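**Q** Counting with mature numbering (1 follows the signal peptide of the UniProt record, and there is no 0), you get residues -22 to -1, 1 to 96 for the letters of the sequence shown. Heads up, the beta-carbon is just placed ideally off N, CA and C, and yes, glycines get one too. All values reported here derive from a predicted model rather than from experimental measurement. Dumping the structure here so I can ask a few things about it.
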Amino acid sequence: MKAQKYCFYLLTLLILPIYATARGGKHSGLDADDWQPITNINNDVKIIGQFAVIAFNSKSNSNLLFERVVSGESRFSDGFYYRLVLEAKHGAYTRHYKAIVLDQPWAYERKLTNFNAA
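Set out below in structure tokens:
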């Protein structure tokens, strides 16, 4: 039992400096430079886009229909952030919308943090 405790503390002391170095001293705020373009709009990204439209509809009592993800960027901070340009239909009109979604798969949590007309 004592050996396990000792190993845990030793492992923590070894990992923390590596983590701090990898972070490069950056804070967890959303810096504009940290976003990376999504070059492959795969099925997972489409699901995030669909989630954004569904979450917006439930919050605003709207009736948008998800069409597609036009483009997007992602970054990691306290979870995976997706900044997407979506195409959605409202009645006969199709418009572009900008959405930011926080995805934390290890916590089974996904949140829409921002949704606006583009």
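#1: Check whether the Cβ atoms of residue 75 and residue 94 sit closer than 8 Å, and answer yes or no.
#2: Measure the Cβ-Cβ separation of residue 52 and residue 14 and say whether it is below 8 Å.
#3: Run through DSSP, which three-state label would residue 81 get?
#4: Am I right that residue 79 and residue 30 are in contact with their C-beta atoms under 8 Å? What's the rounded C-beta distance?
#5: Around the Cβ of residue 100, are there at least 16 other Cβ atoms within 10 angstroms (buried) or fewer (exposed)?
#6: In chain order, what residues of the same chain have a beta carbon less than 7 Å from the beta carbon of residue 81, not counting five sequence neighbours either side?
**A** To lay it out plainly:
#1: Here residue 75 is taken as the residue at index 97 of the sequence shown, counted from 1. Here residue 94 is taken as the residue at index 116 of the sequence shown, counted from 1. Yes, these two residues count as a Cβ contact at 8 Å.
#2: Indexing the sequence shown from 1 puts residue 52 at position 74. Indexing the sequence shown from 1 puts residue 14 at position 36. Taking 8 Å as the Cβ cut-off, residue 52 and residue 14 qualify as a contacting pair.
#3: Stepping through the sequence shown from its first residue, residue 81 is reached at position 103. DSSP places residue 81 in strand when its eight states are reduced to three.
#4: The residue given as residue 79 occupies position 101 in the sequence shown. The residue given as residue 30 occupies position 52 in the sequence shown. That pair is a contact at about 5 Å.
#5: Only positions -22 to 96 of the chain appear in this structure, which leaves residue 100 out of reach.
#6: Here residue 81 corresponds to residue number 103 of the sequence shown, with the count starting at 1. Cβ within range, chain order: 26, 57, 58, 60, 88.
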